[in-house]
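K.L.:
Pasting in a structure now, in structure tokens, and then I'll have a few things to ask.
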Amino acid sequence: MLAASLLALRLLLLVGAAAAGAVGVSGGGLLWCVAKNNAEDGALQSAIDWACSVDGGSADCAAIQQGAACFNPPDLQQHASYAFNDYFLRSGGAASPAACDFSGAAALTALNPSKNPESLVHALND
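FYI, the numbering for the sequence shown is -20 to -1, 1 to 106, going by mature numbering (1 follows the signal peptide of the UniProt record, and there is no 0).
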């Protein structure tokens, strides 16, 4: 009985963690703000610089700094998506869709952009 309860708790935590970093919309779905695949590197870097600056977007970009948990692999698209989504969430999320533009370098998606969802299981087991 205790084992079943612990398993149920872990599943609830996993479902909750999978939705982290997304916002709900009126239709019941979730939205993420991500970098467009066709955005130029210069546009992405400029947008990251603005989003992560204290004078700009004030997104929390600590996790994508060199040596931090989400830095590797050092991928500009992934780092931009992280910064864009953090800024989007801090700016009101789905209630503020214009917060996910970054001069045309970003777009909203209902598809979970996580590359490694199994890492959530490891986080629960650690």
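Ideal Cβ positions, reconstructed from N, Cα and C, are used throughout, including at glycine.
1. Which partner residues does Val14 have in the DSSP bridge list?
2. Could you tell me the alpha carbon to alpha carbon distance between Gly36 and Ser26, rounded to whole angstroms?
3. Whose C-beta lies closer than 6 Å to the C-beta of Cys41 among residues of the same chain, with five residues either side of it excluded?
4. Just mark Leu11 as buried or exposed, buried being the case when its beta carbon has 16 or more other beta carbons within 10 Å.
5. Is Ala65 helix, strand or coil by DSSP?
6. Check this for me: beta carbons of Lys16 and Ala90, under 8 Å apart or not?
P.N.:
Working from what's here:
1. Val14 is bridged to Ala87.
2. So the alpha carbons of these two residues sit roughly 11 Å apart.
3. Apart from the 5 residues on each side of it in sequence, Cys41 sits with its Cβ closer than 6 Å to the Cβ of Cys32, Ala63 in its chain, given in chain order.
4. Its Cβ being crowded by 16 or more others within 10 Å, Leu11 is buried.
5. The sequence given here has Asn at residue 65, not Ala. Here Asn65 sits in helix by DSSP.
6. Contact flag unset, no.
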